[in-house]
Amino acid sequence: MKQSTLFTILPDYINTPDGMTIDWHGNLVLSCPNYADTSTSGVVVRIDKDRKVTKWFDVPVHEETGVARNMGIEFDSDWNVYLCDNQGWSGAPELQFKGRVLKLKVDDEGNILKTTVVAYNMEHPNGIRIRDGYMYVTQSYLTKVEDPSGKLVSCVYRFKLDDENIEIKNTLEDPNILTTFVTQNPDCQYGADGIVFDPEGNLYVGNFGDGAVYKITFNADGSVKSNAVFAQDPAQLQSTDGMIMDKDHNIYVADFSANAIGKIYPDGRVERIAQSPDSDGLHGELDQPGEPIIWDGVIVASCFDLVTGPDKVNTQHEMPATMAQIEL
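For the sequence shown, this note's numbering assigns the number 123 to the initial residue and increments by one for each residue that follows.
Encoded structure:
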């Protein structure tokens, strides 16, 4: 397997790095929900080719909670920023249905010129991708929906880029639900998470608890043609957090629970390409990787380093927060 190395140590105003994208300058853009310290709120930072980290902007806070908890991040073709504000991630009952999808117009200096709430009252918005005038958002929990099996239901929502103020009910009555998933693993009831498109427009979604990646194909009218497991191998991939696809159609997956990165080949074969023991991440270990991205010739992984439990390698949160890298 490959050995991960240190990409950067993050400044102390970041305690849980998560989603990533690339801006118009070629900077790496990192979304940080900052769950580990409830006195802090979510920020977005930029990292340049010299690995210098600069705060870009503080994310507009929720009017009721007073904080932002931004996870997934994406740009559209006009460089508007889209964020999944996952207010309810901690599981606190008073935060459960306060998630938002935000659309922000932000200048180079970090001034927020316009804030649009695309959708609100979401239970657990997590990852986001944009294609052909729509945004696709994973929601890891749909606890109001009861599957006959008693297992967790989750979903993908689809919104138009110009949608505003859509009230989400978090039930199957939501017209913006594209497709749903059921997580079978009783020991990890956490659903749709990582999300990525291939060049042909097929959508891939990770069902976190099952360590499964689903392939969703579309009819000409944009409706779902099929939704089926594309890749699953528990020995090689335990969990499916953030995902990215390379030019050869390989998918790299953050295996959050196992402190690992998985690679899914175009034929669906799964291979664990890097893994780390429990650590503080300061020597470049994969310290609970939340999302990978391909940037400047390497795979960069944000290290979430917060969740513990019997199925997690990680045992505690440490500061400073770190990011790791793996050679392609």
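We treat Cβ as the ideally placed atom computed from N, Cα and C, and that holds for glycine. Values in this document were obtained by computation on a predicted structure and should not be read as measured data.
Endpoints, beta strand (DSSP E) assigned at residue i
i, result
"residue 424", "420 to 425"
"residue 196", "192 to 197"
"residue 261", "256 to 261"
"residue 377", "373 to 377"
"residue 276", "274 to 282"
"residue 396", "392 to 397"
"residue 446", "444 to 449"
"residue 308", "First-last for residue 308: undefined, no H or E at that position."
"residue 252", "247 to 253"
"residue 210", "Element bounds for residue 210: n/a, residue is neither H nor E."
"residue 408", "Unbroken run through residue 408: none, as it is neither H nor E."
"residue 290", "Per DSSP, residue 290 belongs to no beta strand (DSSP E) and is neither H nor E."
7 Å CB neighbourhood of residue i in its chain, flanking five on each side removed
i, result
"residue 442", "131, 132, 134"
"residue 355", "392"
"residue 349", "301, 336, 338"
"residue 265", "245"
"residue 218", "210, 245"
"residue 267", "275, 293, 294"
"residue 187", "209, 217, 220"
"residue 191", "155, 157, 164, 207, 208, 209, 211"
"residue 123", "394, 395, 396, 397"
Paired residues, beta bridge with residue i - DSSP
i, result
"residue 349", "338"
"residue 126", "Answer is none; residue 126 lacks a bridge partner."
"residue 438", "DSSP lists no partner for residue 438."
"residue 176", "168"
"residue 151", "143, 168"
"residue 329", "314, 334"
"residue 227", "236"
"residue 385", "374, 393"
"residue 417", "420"
"residue 136", "BP columns for residue 136 are empty, so no partner."
"residue 216", "Per DSSP, none; premise fails for residue 216."
"residue 204", "196, 225"
"residue 301", "278"
"residue 158", "Answer by DSSP bridge pairing: none, since residue 158 is not bridged."
"residue 354", "334"
"residue 380", "Beta-bridge pairing links residue 380 to no other residue."
Buried/exposed call for residue i, threshold 16 Cβ in 10 Å
i, result
"residue 376", "buried"
"residue 160", "exposed"
"residue 193", "buried"
"residue 156", "buried"
"residue 363", "buried"
"residue 254", "exposed"
"residue 327", "buried"
"residue 231", "exposed"
"residue 358", "buried"
"residue 351", "exposed"
"residue 233", "exposed"
"residue 247", "buried"
"residue 387", "exposed"
"residue 410", "buried"
"residue 360", "buried"
"residue 407", "buried"
"residue 345", "exposed"
"residue 152", "buried"
"residue 125", "exposed"
"residue 447", "buried"
"residue 249", "buried"
"residue 385", "buried"
"residue 321", "exposed"
"residue 438", "exposed"
"residue 127", "exposed"
"residue 184", "buried"
Own chain, CB closer than 8 Å to residue i, minus 5 neighbours either side, in chain order
i, result
"residue 450", "368, 416, 419, 420, 421"
6 Å Cβ shell around residue i - same chain, five flanking residues per side excluded
i, result
"residue 508", "The displayed coordinates of the chain run from 123 to 450. Any statement about residue 508 would go beyond what the structure contains."
"residue 252", "196, 198"
"residue 402", "440"
"residue 325", "319, 338"
"residue 240", "223, 225, 281, 285"
"residue 242", "222"
"residue 353", "335, 386, 390, 392"
"residue 236", "227"
**Item:** Inter-stretch contact at 8 Å, needing at least 3 Cβ pairs: the stretch 191 to 202 / the stretch 167 to 178
**Value:** Contact between the stretch 191 to 202 and the stretch 167 to 178 is not established, with fewer than three Cβ pairs separated by less than 8 Å.
**Request:** Would you check if there are 3 or more beta carbon pairs closer than 8 Å linking the stretch 300 to 308 to the stretch 318 to 332?
**Result:** Short answer: they touch.
**Request:** Tell me, please, whether the stretch 341 to 358 touches the stretch 269 to 277 by the rule of three or more beta-carbon pairs shorter than 8 Å.
**Result:** As far as the Cβ criterion goes, the stretch 341 to 358 does not touch the stretch 269 to 277, which means the pair count is below three.
**Asked** Per the contact definition of three or more C-beta pairs closer than 8 Å, is the stretch 379 to 397 in contact with the stretch 428 to 435?
**Response** The stretch 379 to 397 and the stretch 428 to 435 touch, with three or more beta-carbon pairs separated by less than 8 Å.
**Message:** Within 8 Å, do at least three Cβ pairs link the stretch 286 to 299 to the stretch 164 to 173?
**Reply:** Remark: fewer than three beta-carbon pairs, one from each stretch, lie closer than 8 Å, so the stretch 164 to 173 and the stretch 286 to 299 are not flagged as touching.
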